[in-house]
Amino acid sequence: MADTLFERPGTSRVARDVTAWDRLKVHRDWLGMWFMLPALAILILFLAYPLGLGVWLSFTDARIGRTGAFIGIENYEWLWGDSVFWLSVFNTLLYTVVASIIKFAVGLYLAVLLNHSLPFKAIIRSVVLIPFIVPTVLSAIAFWWLYDSQFSIISWSLRQAGVITTNIDFLGDPWNARWSVIFANIWRGVPFVAITLLAGLQTMPPSLYEAATIDGASQWQMFRYITYPLLTPIIAVVMTFSVLFTFTDFQLIWAMTRGGPVNATHLMATLSYQRAILSGYLGEGAAISTAMIPFLLAAILLSWFGLQRRKWQQGESND
Amino acid sequence: MTELLAGAKAIRATPAADHSEGMSYLESLPRRLVTLYLPLGLIMLVLLFPFYWMALTAIKPDEQLLNLDRFNPFWTWTPTLKHIQKLLFETHYPLWLWNTTLVAMASTILSIIASVLAAYAIVRLRYRGAQWVGGAIFLAYLIPPSILFIPLSTVVFQYGLFDTPFALILTYPTILIPFSTWLLMGYFKTIPFELEECALIDGASRWQILTKIVLPLAIPGLISAFIFCFTLCWNEFIYALTFISSSQHKTVPVAIVNEFVDGDIYRWGSLMAGALVGSLPLVVLYAFFVEHYVSAMTGAVKE
Amino acid sequence: MDHAFWPIGPIGKPTELHLMYPVLAMNYTKYPQASKALIAYMLEADQFNKWIDSAQGYLTHCLNAYDSNPVWTADPKRTVFRDAAKRSLTAGGLGSVGEKAATAIADFLVLDMFANYCTGREDVKGSIAQAERQAKRIYR
């Protein structure tokens, strides 16, 4: 009698057997496939397939406007004897190594500075990140103007201070151009490194520092023995990203020097763009791009494994 | 159930504790001045000076721009809006701004949808091979655009998308999806799965769980992912440079580099005005959502 | 200040590169006769003379009739440019125009050859050898 009392209108559903379709609808793998479909479709169509296509293209003599025939490793043989290519490899390695080291050092220093108690700390932190927010090309244009050989404010200020007598040719002299571009990259990358390391620094328990101060450790000793080791995993991740994006940088160089005075600031990315799109040699450009991959893998593996979590950080002995 | 929901919200509301007070009572003021304020001030000056210079150049009249000796270069008493006016009314700049915004919004929305579905599938559905797929998606983020742009240009051309905004709307997600999936995976993991268990017991489908329970709780994560993706789209250059050739389809970064230099005449005022106006949307967006942006950056790195 | 031609080297012919703006009517246009008529109209004396005058010597003609336009003698500094079309080579230099010449220009073959020597990166033989190597690949 109770069931007729509480029977609500409209819910007179008859219990039915669970069909195969019902089971499929909640099956994890089936649902998983449908959920993953949009992401996987885009990634396979526009990332995985082009990656393979790029490697294939490097073995053909494709040009803009016509497909190429398979020519084996001829592109690579040609690049092996091309001094501009090796110059771009040198430039890329120099750019990446110098910029990453300085970005890391300055970024870590800035993170340590920001970790103190400061007035207006939140505002300072937000302001520091602005160079990273602004699109790279726009800040590259600003640097282009700053580095102008006639109207640079840097040259003017140094001349007024009496340090130099003629304007500095920032982007017209090969080595000046290299350092100018490296500085612009450092300027842009330091906020990212600093803010990320700052987040890591803020997770450090203050009891460690208090104990160290009681034991009479100096600031430097505290940094070297407490802060730095605990920060190593985050440093590994940040530097992996930083090295990756510095190695494959295109925008900054292209906007400022297009590859530089006499190919002095040509990175492998900009050289592949010039050879592939401007000159029309898709196969050769693809070969240069593919040649970037081994260096990239080496850099990633170095950062990743070199700075992994060590057992002693968790309190066990090192292995 | 509602207590669990409220509890989940509360857990996320408390920020990470700031230990900066720590040992600072031991430092004296002169010492702080030299070791802290001075270096910090110097670094901030270097970081911000290019923007000041950019803004100043955008409002300086031409004769003051080019004659640094007669006019004080660090300030102008007669600012002019001529450069900005030329920028907005005599070039196609508003069109380029519109193109960039459109492409950024469309590809961000597309990426977020795909990432939400993918992140939920990997973290909660845990289908067979989910970890491998998650790892593969993360690895996809490590493949930079400057390796892919050549074959992608042939693919885009084959599909007939060359020189249309769709070329960008469909290729930008390859940069955005890996990162936002990774980010959202982290956010979804913090949502207690007991909530979903209750919903499952009550007979909700996975789709209902996703839309009615998980997404409302993950809104901070969604905002962070949205803002970060939007910024990445504005920042993208090489795909836009390669796939778009006609002036009316260009985006702001590409147009700035190409369209303001007439052979050998550099229109610096308009160039800087263009750079300034191009950065403004992002800076404004950033100013309102700083915490979300920073948590996106650092949360992803800590994973 | 004045303008002058570049010196002629051992080759005996002028080797200046002048930017040539071709007026093209495409084969596939819907209005071939009208396009040709428009081009002819633009190059007629009534229109072209005014155009060259307002360019003040910055733009040069290709038809011999306009040698007598007074803009070239009004300011003696401009007379040199009257013969630009007669002296200039095409973008292909001594070779033909087309894809290969465009590639050679886009890859800065000649420019790098001079710049390599002037900045001291290579000696004369080295710069020439490098340019030759790239040119051989492009023009094979």
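Protein chains in written order, with my numbering: chain A, 1495 to 1813; chain B, 0 to 302; chain C, 142 to 281. Glycine included, each C-beta is placed from N, C-alpha and C at the ideal position.
> What three-state label does DSSP hand Q185 (chain B) in the structure shown?
Replying inline: The sequence position of residue 185 (chain B) within the second sequence is 186, counting from 1. The sequence as given places Gly at residue 185 (chain B); Gln does not occur at that position. Correct three-state label for G185 (chain B): helix.
>> If contacts are defined as beta-carbon pairs under 8 Å, then F189 (chain C) and Y207 (chain C) qualify, I think. What distance do you get, rounded to the angstrom?
In response: For this step, residue 189 (chain C) is matched to residue 48 along the third sequence. For this step, residue 207 (chain C) is matched to residue 66 along the third sequence. Between F189 (chain C) and Y207 (chain C), the beta carbon gap of about 6 Å places them in contact (Cβ cut-off 8 Å).
> How about A224 (chain B) and P1532 (chain A): do their beta carbons lie closer than 7 Å?
Replying inline: As a first step, residue 224 (chain B) is located in the second sequence; it is residue number 225 there, counting from the start. As a first step, residue 1532 (chain A) is located in the first sequence; it is residue number 38 there, counting from the start. For A224 (chain B) and P1532 (chain A), no; Cβs fall outside 7 Å.
>> Going by the DSSP bridge assignment, what does F1564 (chain A) pair with across the sheet?
In response: Taking the first sequence and counting its residues from 1, the one referred to as residue 1564 (chain A) is at position 70. DSSP, once it has assigned bridges, lists A:T1554 as partnering F1564 (chain A).
>> With the cut-off set at 7 Å, would you say A274 (chain B) and A1636 (chain A) are in Cβ contact?
In response: For the purposes of this step, residue 274 (chain B) is identified with residue 275 of the second sequence, where counting begins at 1. For the purposes of this step, residue 1636 (chain A) is identified with residue 142 of the first sequence, where counting begins at 1. Against a cut-off of 7 Å, the Cβ pair of A1636 (chain A) and A274 (chain B) comes out as a contact.
> What residue does the alpha helix (DSSP H) around Q84 (chain B) start on, and which one ends it?
Replying inline: Taking the second sequence and counting its residues from 1, one reaches residue 84 (chain B) at position 85. Element bounds for Q84 (chain B): 81-89.
> So S269 (chain B) is in the alpha helix (DSSP H); what residue range does that whole segment cover?
Replying inline: Walking along the second sequence from the start, residue 269 (chain B) turns up at place 270. Looking at the DSSP string, the run of the alpha helix (DSSP H) that includes S269 (chain B) is 267-287.
> When DSSP labels each residue in this structure, what does I264 (chain B) get in the three-state scheme?
Replying inline: Within the second sequence, residue 264 (chain B) is the residue found at index 265, counting from 1. Secondary structure of I264 (chain B) (DSSP, three-state): strand.
> In chain A, which residues lie with their C-beta within 8 Å of the C-beta of D248 (chain C)?
Replying inline: The residue given as residue 248 (chain C) occupies position 107 in the third sequence. Per Cβ cutoff of 8 Å: Q1768, R1769, L1772, S1773.
>> Taking 7 Å as the threshold (beta carbon to beta carbon), is V1549 (chain A) in contact with chain C?
In response: Position 55 of the first sequence, counted from the start, is the residue given in the question as residue 1549 (chain A). Cβ-Cβ to chain C under 7 Å: no for V1549 (chain A).
> chain A beta carbons: is any one of them nearer than 7 Å to that of A232 (chain C)?
Replying inline: The sequence position of residue 232 (chain C) within the third sequence is 91, counting from 1. Chain A contact via Cβ: absent.
>> Just list the residues that DSSP pairs L230 (chain C) with in beta bridges.
In response: Numbered from 1 along the third sequence, position 89 holds the residue referred to as residue 230 (chain C). Beta-bridge pairing links L230 (chain C) to C:L158.
> Residues in its own chain within less than 8 Å of G236 (chain C) by CB, not counting five upstream and five downstream?
Replying inline: Here residue 236 (chain C) corresponds to residue number 95 of the third sequence, with the count starting at 1. If we look at G236 (chain C) and ignore the five residues flanking it on each side, its Cβ neighbours are A242, Y280.
> Three-state secondary structure (DSSP) at E263 (chain C)?
Replying inline: Walking along the third sequence from the start, residue 263 (chain C) turns up at place 122. In this structure, E263 (chain C) counts as coil in the three-state DSSP scheme.
> By Cβ distance below 6 Å, which residues in the same chain neighbour D143 (chain C) in space, the five residues on each side in sequence not counted?
Replying inline: Taking the third sequence and counting its residues from 1, the one referred to as residue 143 (chain C) is at position 2. The residues are K218.
> How is F1744 (chain A) classed by DSSP in three states: helix, strand or coil?
Replying inline: The residue labelled residue 1744 (chain A) in the question sits at position 250 within the first sequence. It is coil, neither helix nor strand.
> What residues of chain A sit near A256 (chain C), judged by a beta carbon separation below 9 Å?
Replying inline: Mapped onto the third sequence, residue 256 (chain C) falls at position 115. What A256 (chain C) touches in chain A: P1755, V1756, N1757.
>> For K154 (chain C), count the other beta carbons within 10 Å of its own beta carbon; 16 or more makes it buried, fewer makes it exposed. Which is it?
In response: Looking up residue 154 (chain C) in the third sequence gives position 13. Of the residues assessed, K154 (chain C) falls on the exposed side of the cut-off, its CB having fewer than 16 other CB atoms within 10 angstroms.
>> Rounded to whole angstroms, what is the Cα-Cα separation between L67 (chain B) and I1595 (chain A)?
In response: Within the second sequence, the letter at position 68 stands for residue 67 (chain B). Within the first sequence, the letter at position 101 stands for residue 1595 (chain A). Computed Cα separation, rounded: 35 Å.
> Apart from the five residues on each side of it in sequence, which residues of its chain come closer than 7 Å, Cβ to Cβ, to A1749 (chain A)?
Replying inline: The residue you call residue 1749 (chain A) lines up with position 255 of the first sequence. Same-chain partners within the cutoff: V1631, A1634, I1635, W1638.
>> For the region 1551-1579 of chain A, list every residue whose C-beta sits within 7 Å of some C-beta in chain C, in sequence order.
In response: Of all residues in the region 1551-1579 of chain A, W1572, S1577 have a Cβ within less than 7 Å of some Cβ in chain C.
> Just by C-beta distance, which residues in the region 1597-1611 of chain A are closer than 7 Å to chain B?
Replying inline: Here the close residues are L1604, L1607, N1609, H1610, S1611.
> Does any CB atom of chain A fall closer than 7 Å to the CB of Y285 (chain B)?
Replying inline: For the purposes of this step, residue 285 (chain B) is taken as the residue at position 286 of the second sequence. At a cut-off of 7 Å between beta carbons, Y285 (chain B) contacts chain A.
> When the distance is taken between beta carbons, is I149 (chain B) closer than 7 Å to S1783 (chain A)?
Replying inline: The count along the first sequence starts at 1 and reaches residue 1783 (chain A) at position 289. The count along the second sequence starts at 1 and reaches residue 149 (chain B) at position 150. The answer is yes: Cβ separation under 7 Å.
>> Helix, strand or coil for I112 (chain B)? Go by DSSP, reduced to three states.
In response: In the second sequence, the residue the question calls residue 112 (chain B) occupies position 113. I112 (chain B) falls in the helix class under three-state DSSP.
> Pairing CB atoms from the region 244-251 of chain B with CB atoms from the region 1602-1620 of chain A, are three or more of them under 8 Å?
Replying inline: Segment contact: the region 244-251 of chain B against the region 1602-1620 of chain A, fewer than three CB-CB distances shorter than 8 Å; contact not assigned.
> What residues of chain C sit near P1668 (chain A), judged by a beta carbon separation below 9 Å?
Replying inline: On the first sequence, position 174 is the one that residue 1668 (chain A) refers to. The contacting residues are T260, R262.
>> Am I right that T56 (chain B) and M271 (chain B) are in contact with their C-beta atoms under 8 Å? What's the rounded C-beta distance?
In response: Stepping through the second sequence from its first residue, residue 56 (chain B) is reached at position 57. Stepping through the second sequence from its first residue, residue 271 (chain B) is reached at position 272. Indeed, because the Cβ distance is near 4 Å, the residues count as touching under 8 Å.
> For L204 (chain C), which of C:R274, C:I149, C:S176, C:E185 has the nearest alpha-carbon?
Replying inline: On the third sequence, residue 204 (chain C) is found 63 positions in, with the first residue counted as 1. Nearest in C-alpha terms to L204 (chain C), of all of C:R274, C:I149, C:S176, C:E185, is C:E185.
> By the criterion of Cβ-Cβ separation under 7 Å, what are the contact partners of G1779 (chain A) in chain B?
Replying inline: Against the first sequence, residue 1779 (chain A) aligns to sequence position 285. Chain B residues near G1779 (chain A): I149.
>> Just to confirm, is the Cβ distance from T1764 (chain A) to I1747 (chain A) under 7 Å?
In response: For the purposes of this step, residue 1764 (chain A) is taken as the residue at position 270 of the first sequence. For the purposes of this step, residue 1747 (chain A) is taken as the residue at position 253 of the first sequence. T1764 (chain A) is a Cβ neighbour of I1747 (chain A), given a cutoff of 7 Å.
>> Considering only their Cβ atoms, is the gap separating L1761 (chain A) from N1569 (chain A) smaller than 7 Å?
In response: Here residue 1569 (chain A) refers to the residue found at position 75 of the first sequence. Here residue 1761 (chain A) refers to the residue found at position 267 of the first sequence. Contact annotation: N1569 (chain A) and L1761 (chain A) have beta-carbon atoms that are not nearer than 7 Å.
> Just how far apart, CA to CA, sit T220 (chain C) and W213 (chain C)?
Replying inline: Translated into positions along the third sequence, residue 220 (chain C) becomes position 79. Translated into positions along the third sequence, residue 213 (chain C) becomes position 72. Distance between the alpha carbons of T220 (chain C) and W213 (chain C): 5 Å.
>> Suppose contacts are defined by Cβ-Cβ distances below 7 Å. Is L167 (chain B) in contact with V102 (chain B) by that definition?
In response: Position 168 of the second sequence, counting from 1, holds the residue named residue 167 (chain B). Position 103 of the second sequence, counting from 1, holds the residue named residue 102 (chain B). Against a cut-off of 7 Å, the Cβ pair of V102 (chain B) and L167 (chain B) comes out as a contact.
>> Given this structure, state the Cα-to-Cα distance separating G1777 (chain A) from D1743 (chain A), to the nearest angstrom.
In response: For the purposes of this step, residue 1777 (chain A) is identified with residue 283 of the first sequence, where counting begins at 1. For the purposes of this step, residue 1743 (chain A) is identified with residue 249 of the first sequence, where counting begins at 1. When rounded, the distance between both Cα atoms is 21 Å.
> Three-state secondary structure (DSSP) at W74 (chain B)?
Replying inline: Taking the second sequence and counting its residues from 1, one reaches residue 74 (chain B) at position 75. Coil at W74 (chain B), not helix or strand.
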